[in-house]
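Peer 1: Take a look at this one; I'll ask things after.
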Amino acid sequence: MTAFWTETDFDDHELVQLVRDRKSGLTAIIALHSTHLGPGAGGTRFWHYAEPEAAMRDALRLSRGMSYKNAMAGLPMGGGKAVILADSDKTKTPEMLAAFADAVDALGGQYVTAEDVGISEADMAAVAQRTQYVSGLPVEGEDAAGGDPGPFTALGIFLGIKAAVKHKLGKDNMDGVHVALQGVGSVGGGVARLLAKEGAKLTLSDISEDRCRALATELDAECVASDAIMSVPCDVFSPNALGAILDDDGIGRLDCKIVAGGANNQLKRPEHGPLLAKRGILYAPDYVINAGGIISVTLEYLCRQDEAPCDINEVRKRIALIPGRLEEIWQESDKTGESPDQVADRLAQALIGRG
Ligand code: NAD
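Using the numbering used here, the letters of the sequence shown map in sequence onto residues 71 to 425.
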């Protein structure tokens with residue numbers, strides 16, 4: 071077996087910890103990629119992996135992604151991620167969560183956890199009973215930062231799409247701009263509603279046909295089958311469902327001028343960013359445009375630590391900086407000939423002291 075530190079996904083991570091608790095049966099990995107800008111922040115994934123190597127790969131890749139995302143969002147946080155290796159029945163017990171919380175606590179604030187796939191708000195509330203190093207907890211009142219990150223992520227994406235339309239199409243408004251959305255859940259549905267208010271023409275798709283139809287009726291939009299959305303002729307394709315959709319086949323099918331959406335890890339492999347650029351399609355790097363949610367949950371955490379104002383206006387102010395950051399990336403890309411994802415990675419690496 072290859073040692074994990076020789077694997078391609080290992081990127082000088084500062085700490086990779088295997089947590090075993092025999093009593094509760096917990097097996098978890100906590101990976102801290104970088105604490106250069108602050109504590110490593112990133113959610114905990116609860117997942118049944120066919121091979122333990124896949125869990126390690128997830129922890130290594132996702133924690134590096136969080137370093138880049140937090141740095142580009144201007145947050146005083148580094149990148150970290152935890153994965154809990156579930157059995158095939160995905161048995162999750164209070165004892166497991168308690169043992170996991172103790173492991174987070176023992177890191178003394180170097181790692182700040184949150185929800186991710188398979189971990190609910192209630193699970194995180196249980197973890198927070200034993201450690202203060204938790205973000206993404208429920209908040210009270212409409213004016214507080216935190217709570218469901220979906221609407222904040224959607225707001226950042228909406229602003230990012232407008233910036234892309236201005237950069238690529240030279241248009242200052244969304245009137246008649248055709249946007250095709252893949253996935254209309256928490257994030258995609260929010261983006262669609264904001265776009266509809268500004269007069270965009272929408273084509274929607276979702277594997278849940280009912281969800282798609284209900285939103286299409288509400289917004290006077292059109293629904294297409296989920297396998298057809300990537301070839302719809304449009305101005306903007308907005309992926310808000312799955313990752314890795316931008317591969318040779320997916321990019322070949324696109325008939326748009328811009329790709330800008332919230333799904334994580336949209337590019338299947340590093341060469342797919344340059345391939346989009348070669349086809350003349352402007353790409354909004356995913357971890358830059360989809361940072362609205364992390365901005366909200368981080369400010370909620372920093373507010374609890376008395377390190378930031380507990381004010382939703384601060385969240386909105388920071389989300390409003392996303393379009394400017396994208397514009398900076400696109401201008402640099404126009405100047406250097408690198409693709410936008412390459413520019414974003416380079417800027418993020420410089421911010422975390424690895425330039
Ligand atoms: P969600 O589960 O609320 O919505 C996802 C939607 O996509 C669902 O309606 C689902 O039916 C649909 N879907 C799944 N597969 C599809 C397919 N093949 N074609 C069309 N539709 C499909 O999830 P969400 O919170 O809206 O997140 C969407 C994406 O954004 C994910 O990739 C997530 O990792 C990413 N993201 C979310 C946030 C957030 O704040 N929620 C933040 C950053 C990134």
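The beta carbon of each residue, even a glycine, is placed where N, CA and C say it ideally should be.
Thinking C-beta only, is L285 closer than 8 Å to G255?
Peer 2: Result no, Cβ atoms of G255 and L285 do not sit closer than 8 Å.
Peer 1: Please state whether DSSP places A101 in a helix, a strand or coil.
Peer 2: It is a strand residue.
Peer 1: Mind checking which residues open and close the alpha helix (DSSP H) that includes L132?
Peer 2: Counting along the chain, the alpha helix (DSSP H) containing L132 begins and ends at P122 to M142.
Peer 1: Could you name the residues that DSSP lists as bridge partners for Y181?
Peer 2: Bridge partners of Y181: G110.
Peer 1: Using the Cα positions of R349 and I364, report the straight-line distance between them to the nearest angstrom.
Peer 2: Taking the straight line from one Cα to the other gives about 31 Å.
Peer 1: Determine the direct distance from the alpha carbon of A330 to that of D297, and round the result to whole angstroms.
Peer 2: Taking the straight line from one Cα to the other gives about 18 Å.
Peer 1: Under the three-state reduction of DSSP, which class applies to F80: helix, strand or coil?
Peer 2: If DSSP states are grouped into helix, strand and coil, F80 belongs with coil.
Peer 1: Nearest by alpha-carbon distance to V89: which of G320, E185 and A101 is it?
Peer 2: Looking at the Cα atoms, A101 is the closest of the given residues.
Peer 1: Report buried or exposed for E210, applying the criterion of at least 16 other Cβ atoms within 10 angstroms of its Cβ.
Peer 2: With fewer than 16 Cβ atoms within 10 Å of its Cβ, E210 is classed as exposed.
Peer 1: Per DSSP, which one or two residues make a beta bridge with R424?
Peer 2: Note: R424 sits in no beta bridge, so no partner.
Peer 1: Quick check on this structure: which residue in E397, Q419, G425 and C380 has the alpha carbon closest to the alpha carbon of G216?
Peer 2: When each option's Cα is compared against that of G216, the closest is C380.
Peer 1: Does DSSP put Y353 in a helix, a strand or coil?
Peer 2: In the structure shown, Y353 sits in a strand (DSSP, three-state: E or B).
Peer 1: Does any heavy atom of the ligand NAD sit closer than 7 Å to the C-beta of I277?
Peer 2: Because some heavy atom of the ligand NAD lies under 7 Å away, the Cβ of I277 counts as near it: yes.
Peer 1: Give the secondary structure of V385 by DSSP, where H, G and I count as helix, E and B as strand, and everything else as coil.
Peer 2: Of the three classes helix, strand and coil, the one that applies to V385 here is helix, per DSSP.
Peer 1: Go to G149, then tell me how far its beta strand (DSSP E) extends in each direction, as first and last residue.
Peer 2: Segment G148 to L155, the beta strand (DSSP E) holding G149.
Peer 1: Report the start-end ranges of each alpha helix (DSSP H) in the segment 214 to 238 that is 4 residues or longer and not cut off at the edges.
Peer 2: Listed in chain order, nothing qualifies, since the segment 214 to 238 has no complete alpha helix (DSSP H) run of 4 or more residues.
Peer 1: Beta-carbon separation of K271 and H237 under 8 Å?
Peer 2: No, the pair does not count as a contact, with Cβ atoms beyond the cut-off.
Peer 1: Which term fits P164, buried or exposed, when burial requires 16 or more other beta carbons within 10 angstroms of its beta carbon?
Peer 2: Label assigned to P164: exposed.
Peer 1: In angstroms, rounded to a whole number, what distance separates the CA positions of D242 and E341?
Peer 2: Cα-Cα distance, rounded: 31 Å.
Peer 1: Going by DSSP, name the residue or residues bridged to C293.
Peer 2: Per DSSP, L274.
Peer 1: Alpha carbons only, please: which of G108, L167, A250 and A311 is nearest the one belonging to A95?
Peer 2: Ala is not the amino acid found at residue 95; the sequence shown has Gly there. Ranking the options by Cα distance to G95, first place goes to L167.
Peer 1: At a cut of 8 Å, does the segment 148 to 160 reach the segment 121 to 132 through at least three beta carbon pairs?
Peer 2: Result yes; three or more Cβ-Cβ pairs closer than 8 Å.
Peer 1: Taking the C-alpha atoms as reference points, what is the distance between E398 and G423?
Peer 2: Roughly 19 Å separates the two Cα atoms.
Peer 1: Using 8 Å as the threshold, is the segment 321 to 330 in touch with the segment 168 to 187, meaning 3 or more CB pairs across them?
Peer 2: No contact exists between the segment 321 to 330 and the segment 168 to 187.
Peer 1: Just mark I277 as buried or exposed, buried being the case when its beta carbon has 16 or more other beta carbons within 10 Å.
Peer 2: Classification of I277: exposed, given that the 10 Å Cβ count is below 16.
Peer 1: Report buried or exposed for T428, applying the criterion of at least 16 other Cβ atoms within 10 angstroms of its Cβ.
Peer 2: Residue 428 lies beyond the residue range present for the chain, which begins at 71 and ends at 425; the question has no answer from this structure.
Peer 1: Which partner residues of R90 appear in the DSSP bridge assignment?
Peer 2: Bridge partners of R90: T97.
Peer 1: Would you call the CB atoms of M436 and L177 closer than 8 Å?
Peer 2: Past the boundaries of the shown model lies residue 436; the chain is included only from 71 to 425, so the question cannot be answered.
Peer 1: For the beta strand (DSSP E) containing A361, list its first residue and its last residue.
Peer 2: Note, A361: premise wrong, no beta strand (DSSP E); not H, not E.
Peer 1: Report the residue from Y138, C373 and A143 whose alpha carbon sits nearest the alpha carbon of G230.
Peer 2: Of the candidates Y138, C373 and A143, the one whose C-alpha sits nearest the C-alpha of G230 is A143.
Peer 1: Is it buried or exposed for G135, if we count other Cβ within 10 angstroms and need 16 for buried?
Peer 2: So G135 ends up on the buried side.
Peer 1: Using a Cβ-Cβ cut-off of 6 Å (strictly less than) and excluding sequence neighbours within five positions of S104, which residues of its own chain qualify?
Peer 2: Closer than 6 Å at the Cβ level, and outside the excluded window around S104, lie S137, G148, G149 and I422.
Peer 1: If contact is defined by three or more beta carbon pairs under 8 Å, each pair taking one atom from either stretch, is the segment 218 to 225 in contact with the segment 342 to 362?
Peer 2: Verdict: yes, contact present.
Peer 1: Leaving out five residues on either side along the sequence, give the residues of the same chain with a beta carbon under 8 Å from the beta carbon of I99.
Peer 2: Result list for I99: V86, Q87, L88, V89, A125, M126, A129, A152, V153 and L155, in chain order.
Peer 1: Where does I315 fall in DSSP's three states?
Peer 2: I315: coil per DSSP, three-state reduction.
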